[in-house]
Amino acid sequence: MLLSLSGAAAGLQAWATLDESSGDVAGADAHRSLAEALSSAAARGVEQAFATHARALREAAPADLAPGLAGIDTAFAGWLGGDAEALFQAEEAWITEAMSDRLERLPTALRLSLLSDGVALHDAALVERPDPQTLDHLIGLLEQVFAAFRSDDARPTHCRLHLDPRLSRFAGRLAVALRQRYDVFGQPADLQRAKTLLDGTLGLTHPSAPDFPAWKLEAAVLMGYEGPDSLEQVATQLSEVAAAEPPGTSLRVRALELRGRAAWTGHLASLQAPSPSWLDVATEAFQRALAEAEPVPPEVRAGLATALLARYIERGSLDDVVSATNTMIEPGAGSVAARLLDALEPEVSRRASDLVDLGVEALRRLTGDPEARAVAERLHGLAGAVVEPASGLEPDRRLDVRISLLRAAVALDDGPALSRRSNELAVALYERFVARGNRTDLDVALDAARTAVNQPGIDKLDRATAWSSVGALLLLYYETYGDLEALSAAVAASLDAVGESGEAPPEQRVRTLSNSIAALRMRAQRLPDGEDLATARRMAEEAVSLAVGTDPETLAAALSIRASVRDDLWKRSSDLADLEAAMLDWRQVLALDAPIQRGVASLNLGMALLRLGDDGEAIEESIRLLCVAVRHLERTLPNRVYAANQLAAAVQRRALRRGSESVRSSELRRAARWSARAVRWASNSSPEAQLRVAWDWGHRAAAVEDWESAATAYGAAIGALRDLVEGNRAVSAKENWLAEGFGVATRAAQALTRCGRAEEAVMALERARGLLLLDSLSRGSQSAALAGVGFEVVASAMTQPLLYLVPAPGDGLGLLIDPAGRNVTTVELAGLSEEAVGGRARALHMAATGASANPKAWQRTLDRIGAWLGEAISPAVAALPPGRLTVVPTGALAFLPVHAARTVAGEWSFVGKHVVEYAPTALSVVTARRQPTPAGPSTVLAIVDPHPTSEPALPFAAAEAAVAVAAAGADGALLLPGTQATLDAVLEALPTHRTVHIACHGRADLFRPSASGVVLRDDAMLTVERLAGMDLSAVRLAVLSACETGVPGAGAPDEVIALGSTFFAAGVDGVISSLWQVPDLSTLILVTLLYGQPTLGQDPAAALADAQDQMRDATNVELRNRLRRMRADGRVPDAAHRLLDAELSALEPDGRDFGGTDAWAGFVFTGHTSTAL
1 MLLSLSGAAA
11 GLQAWATLDE
21 SSGDVAGADA
31 HRSLAEALSS
41 AAARGVEQAF
51 ATHARALREA
61 APADLAPGLA
71 GIDTAFAGWL
81 GGDAEALFQA
91 EEAWITEAMS
101 DRLERLPTAL
111 RLSLLSDGVA
121 LHDAALVERP
131 DPQTLDHLIG
141 LLEQVFAAFR
151 SDDARPTHCR
161 LHLDPRLSRF
171 AGRLAVALRQ
181 RYDVFGQPAD
191 LQRAKTLLDG
201 TLGLTHPSAP
211 DFPAWKLEAA
221 VLMGYEGPDS
231 LEQVATQLSE
241 VAAAEPPGTS
251 LRVRALELRG
261 RAAWTGHLAS
271 LQAPSPSWLD
281 VATEAFQRAL
291 AEAEPVPPEV
301 RAGLATALLA
311 RYIERGSLDD
321 VVSATNTMIE
331 PGAGSVAARL
341 LDALEPEVSR
351 RASDLVDLGV
361 EALRRLTGDP
371 EARAVAERLH
381 GLAGAVVEPA
391 SGLEPDRRLD
401 VRISLLRAAV
411 ALDDGPALSR
421 RSNELAVALY
431 ERFVARGNRT
441 DLDVALDAAR
451 TAVNQPGIDK
461 LDRATAWSSV
471 GALLLLYYET
481 YGDLEALSAA
491 VAASLDAVGE
501 SGEAPPEQRV
511 RTLSNSIAAL
521 RMRAQRLPDG
531 EDLATARRMA
541 EEAVSLAVGT
551 DPETLAAALS
561 IRASVRDDLW
571 KRSSDLADLE
581 AAMLDWRQVL
591 ALDAPIQRGV
601 ASLNLGMALL
611 RLGDDGEAIE
621 ESIRLLCVAV
631 RHLERTLPNR
641 VYAANQLAAA
651 VQRRALRRGS
661 ESVRSSELRR
671 AARWSARAVR
681 WASNSSPEAQ
691 LRVAWDWGHR
701 AAAVEDWESA
711 ATAYGAAIGA
721 LRDLVEGNRA
731 VSAKENWLAE
741 GFGVATRAAQ
751 ALTRCGRAEE
761 AVMALERARG
771 LLLLDSLSRG
781 SQSAALAGVG
791 FEVVASAMTQ
801 PLLYLVPAPG
811 DGLGLLIDPA
821 GRNVTTVELA
831 GLSEEAVGGR
841 ARALHMAATG
851 ASANPKAWQR
861 TLDRIGAWLG
871 EAISPAVAAL
881 PPGRLTVVPT
891 GALAFLPVHA
901 ARTVAGEWSF
911 VGKHVVEYAP
921 TALSVVTARR
931 QPTPAGPSTV
941 LAIVDPHPTS
951 EPALPFAAAE
961 AAVAVAAAGA
971 DGALLLPGTQ
981 ATLDAVLEAL
991 PTHRTVHIAC
1001 HGRADLFRPS
1011 ASGVVLRDDA
1021 MLTVERLAGM
1031 DLSAVRLAVL
1041 SACETGVPGA
1051 GAPDEVIALG
1061 STFFAAGVDG
1071 VISSLWQVPD
1081 LSTLILVTLL
1091 YGQPTLGQDP
1101 AAALADAQDQ
1111 MRDATNVELR
1121 NRLRRMRADG
1131 RVPDAAHRLL
1141 DAELSALEPD
1151 GRDFGGTDAW
1161 AGFVFTGHTS
1171 TAL
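By the numbering used here, the letter at position 1027 of the sequence shown is numbered 1027, and the numbering carries on one by one without gaps.
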């Protein structure tokens, strides 16, 4: 009603303007009076607002007309008050009065006022009752008005209004009414007369008149009825109308909407020869209308969504889908959704998923819309229809459409219906994920299953089904991506399903128990100390007892799951009775008529037979069963992969029993071929399966010296390892997979080198090592950092020779990159085997643990390791040119002081010949160099002996800090000693200083390296995990003067996950860190010599080497004299010098207390040198 009032008032105001342009002041006043009455009706009350106008109308009319006019006004006032019937009575009265000859006796102004009132009244009636009768009444009135005022010289002068602009208003409104009636009845005569009238209206209306844009818009609308050939002209004319109107006006919005519709019509007309420009015109027009309209008509919103959808279908831009979705998400758009659905049903065999994804599925906010439930029911029905082959869709497309329709239905549902449909959606998405491996499907499936669980009002069986789906999806998430958090969540969800399914039918209860057992078994493999296997065993017994008497497949499934639990128990206890019981269950499965379970039972029984040892008959039966498994599991990809891999193991076992060398070799090659098939099939399976079968293939190929196959296998393992690391969000899960893949890089490098592919060997090392480090350096995407990077890029980016030291099975190797020639020299290192390096690393760790109790044994161990290293790597050292050198120690070499290697004869391998910079990988250095170091003052942050902590005080830490602060000079420093060294203060200060010096206790966690770090106040830890993701690119040098800050994790030393490498990953150019628990006094001496080196600002690696040379070669008195000279030069603060002098003066002058490897070799430089401090 209010919309009708405002529209009528606006029309009367426009009429008043026309009166003034015609010189009819009285008419203008009358129309303005009525417009004001309508505008103020809501505020003043209808009767009072209208009284003034009605009184003036009666006073101006002849006496015999006044009663009739008063009756009309009373009816009009009643309608304004909400009496709809009064409106229609007034409409009938107007028709009667308008046709009366008495109307001509009225003065022109009053007559025009009454007729315009009548037109406004009928416009309002059309809003309230848009039926053909009302439209006929309006056309009749307008015909009478137009006939009365058209040009006729026989009439009185005051009736000659052919040049009066008010005449054009009547003619134009009549044209609009005739076009509206044409839309209803389709009479060509109405359309033709509308065009004739509108042409005359435009001819009678001055371009500056207020009504001119409206008639031009209507003319464009009428032109659109002429067919596609006129659409371009229509669109142009509508654009001109919109451009002439101020932004936000209803006329402008209407013009933009109509321009969009005209362009859409043009698009439809050009589908045989697509014209993308029409889509762009339609989209742009609807977008402008949407931006300016207030409120937005649903037709504008639907028009824009439809145009965006069409553009998406033609061009594939996801931005258009997003924009269209956002356009349609609007409360109250249910009617638009229903109209879209009307168009969708006949199209379900073609573009249903596109239409649904765009329009209906987007209506997530329509929870309260009364039409939402009906739309959801229709969508669900369509989803069921497309499952049938008769729908005419290909199977893949059928699944896509069904998922889209289910997603749409879920978006509009709630309660139990939503729970069931969400679970259906989860199952469908699971099927598509298994078929295509798109992670988004798995994520959405998991969300849908959780939605199913969380709906109120659902019964226990539905909730059990939903929990079971959640558990199965989480388990699949773990199996595919190795996410350990998902595994624990899968166990919890599956146990909830078991709890809810107590009253379920036996078949459903068995399925629920089986899902829970699978999750428990999986977690038991990862966390063997828990009670998961015991719980799984109880559930398995229940499943078998429930399955007795059901169908063969249900019983076979229950027996299979119990056998698997018994097999797991045997692996843990080695009790042969458990293995024999498991084999008995699998044999029972094979005896049942259960084809679905036959393949898995054959696989498991074949694997069990292999565990019996080298029994020839068992091996032969295993091979036969595994061949059956490969055939039966063709459609169950993961199990088929495992079957092929186990078949390879069985053939290999049989080969080792052959007496003939040629037969043995042939069998081993056959085993390798089965491994190759397993890897090929695994390419469409989970990365975990790919990693394991590729490992096995590589080992089998290497065993027969098939190095090409071994290289291919280890390459596949590297790809799977990278996928597992990228696919996990938790750092601990990444570390676990890296530990499982430890050694694949060195084996790949060995195989590629044996094939003469040294450059590829370098890149294999780069692609499988330091993945977490590279991920941090490339700010979250190691894939992006590796994209397009080949050997040429690495070699050209190096500014000095780079030496990879690669321990491998049997013999190790060295790979030397010469940046000048950009080539690789391969050096065989016979003594650098994996076994030998691992043994030395363990010996160093054991000796370091008892160093304080037995320092001489610690020193002897270091000396022997250094001598062994010198001999093992001597062929590679001999190939080095003198000068600077980057060393990449791989495998367990990361624990050893390679820079302190020397031969048995006592000759140092690197000391005095090379400045050694360590690097986790070459790519990490290349990537770090690409990150510019921000300019800034050379300030120092010194973190000194935090307390209180559970660690003892560090008596020399304050002196270290004083030396570091003195090196900052005039640029200043920030000191965080003792109680000020809180975790928050340190984290806040770290990114803003050029040099960071940390003098406190350090802890290396060999088995959880992300927890390694330094101890701050109140035992808070600045750990690897806490630093991950920080931006420390402003820091030029970090000196980590604490114990074990450079010690990596034992599980995956190739990752070099340590505090020092984490600083480097955070953007620090160079890091000095420690490989063991460094003595306090020798650390103070080394730090003092380091900060006193004139080369420190430009070359911290050289400064460290010089400081270590001075410690190693000097007697105690020579060190004392050197420090005195540095004090005189101002390079050592007074307090630090006094402390050092007092300590050195107490030692034997000619002794070399700091010349041992334990004193000077514990610190290493990692990173690169780029700019001055």
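Backbone N, C-alpha and C fix where the C-beta goes; we use that ideal spot for every residue, glycine too.
Q | Residue span of the beta strand (DSSP E) that contains T1023, given as start and end | A | It spans M1021 to T1023 - the beta strand (DSSP E) in which T1023 sits, taken as one unbroken run.
Q: Please classify F742: does DSSP put it in a helix, a strand, or coil?
A: coil
Q. Is DSSP giving F1183 helix, strand or coil here?
A. This structure cannot speak to residue 1183, because the chain is shown only from 1 to 1173.
Q: Thinking V1035 and V996 are a contact (beta carbons under 8 Å), I'd like their distance in whole angstroms, please.
A: 6 Å
Q. Do three or more CB pairs link the stretch 622 to 634 to the stretch 592 to 608 at distances below 8 Å?
A. yes
(Q) Which same chain residues end up closer than 6 Å to W1076 when comparing Cβ atoms and leaving out the 5 residues on each side of it in sequence? (A) A848 and G1162
Q) So what's N454 in DSSP terms, helix, strand or just coil? A) coil
**Q.** Touching by the beta-carbon criterion (3+ pairs, under 8 Å), the stretch 704 to 713 and the stretch 496 to 514
**A.** no
Q: Go to S1074, then tell me how far its beta strand (DSSP E) extends in each direction, as first and last residue.
A: G1070 to S1074
**Q.** Close Cβ partners of A273 (< 6 Å) along its chain, the five nearest in sequence each way excluded
**A.** Bear in mind that a pLDDT of 47 at A273, under 50, signals an unreliable position, so the number given afterwards is only what the model happens to contain. Counting only Cβ-Cβ distances below 6 Å, and skipping sequence neighbours, we find nothing.
Q) So L880 and L816 are in contact, right, with Cβ under 8 Å, and what is the actual spacing, rounded? A) 7 Å
Q.
Assuming G1029 is part of the beta strand (DSSP E), what are its boundary residues?
A. Premise fails: G1029 is in no beta strand (DSSP E) and is neither H nor E.
Q) Would you say T1045 and G1002 are within 8 Å of each other, going by their C-beta atoms? A) yes
Q. So what does DSSP say about L495, is it helix, strand or coil?
A. helix
Q) Do you know how far the Cα of S404 is from the Cα of L355? A) The pLDDT assigned to L355 is 44, lower than 50, so where the model puts this residue is not dependable; a value taken from the coordinates is nonetheless given after this. Cα to Cα, the separation comes out at about 9 Å.
Q: Take the Cβ of A1135 as the centre, count every other Cβ of all protein chains shown within 10 Å, and call the residue buried at 16 or more, exposed below.
A: exposed
(Q) Assuming A518 and L475 are in contact, meaning their beta carbons sit under 8 Å apart, how far apart are those beta carbons, in whole angstroms? (A) That pair is a contact at about 6 Å.
Q) What is the residue span of the beta strand (DSSP E) that S626 lies within? A) One point to set straight first is that residue 626 is Leu, not Ser, in the sequence displayed. From DSSP, L626 is part of no beta strand (DSSP E) but of the alpha helix (DSSP H) over G616 to H632.
Q. Using a C-beta cutoff of 8 Å, does E500 count as contacting chain C?
A. You won't find chain C in this structure, because it holds only one protein chain.
Q. Which residues in the same chain have their Cβ closer than 6 Å to the Cβ of P1053, if we skip the five residues on either side of it in sequence?
A. A892 and A894
Q: Would you kindly work out how many angstroms separate the C-alpha atoms of W586 and V410, rounded to a whole number?
A: 42 Å
Q. Using the C-alpha atoms, what's the distance from A876 back to P819?
A. Taking the CA atoms as reference points, P819 sits about 16 Å from A876.
(Q) To the nearest angstrom, how far is the alpha carbon of A338 from that of E299? (A) With a pLDDT of 48 at A338, under the threshold of 50, the modelled position of that residue is not reliable, and no figure is offered here.
Q: Just confirm the distance between the C-beta atoms of A543 and A558, as a whole number of angstroms; I'd bet it's less than 8 Å.
A: 4 Å
(Q) Contact between the stretch 418 to 436 and the stretch 448 to 465 is defined here as three or more beta-carbon pairs at a separation below 8 Å; is this criterion met? (A) yes
Q. If you draw a straight line from the alpha carbon of H632 to that of N639, how long is it in whole angstroms?
A. One C-alpha to the other measures close to 10 Å.
Q. Going by other Cβ atoms of all chains shown within 10 Å of its Cβ, with 16 needed for buried, is S685 buried or exposed?
A. buried
Q: Would you check if the distance between the CB atom of A867 and the CB atom of W858 is smaller than 8 Å?
A: no
Q: For P977, collect the residues of the same chain with a Cβ closer than 6 Å to its Cβ; drop the 5 residues on either side in sequence, then sort them by chain order.
A: V944
(Q) Please report the straight-line C-alpha distance between A293 and F286, rounded to a whole angstrom. (A) 10 Å
Q: Note the first and the last residue of the continuous beta strand (DSSP E) segment covering I817.
A: G812 to D818
Q.
Considering only the alpha carbon of each residue, which of L1119, G482 and A648 lies closest to G741?
A. Here the closest residue by C-alpha is G482.
Q: Identify which residue in V725, Q455 and V1117 has its Cα closest to the Cα of T480.
A: V725
Q. If you draw a straight line from the alpha carbon of R1127 to that of V904, how long is it in whole angstroms?
A. 38 Å
Q.
So the candidates are G1156, S1145 and T201; which of them puts its Cα closest to the Cα of K856?
A. G1156
**Q.** S833, DSSP secondary structure in three states
**A.** strand
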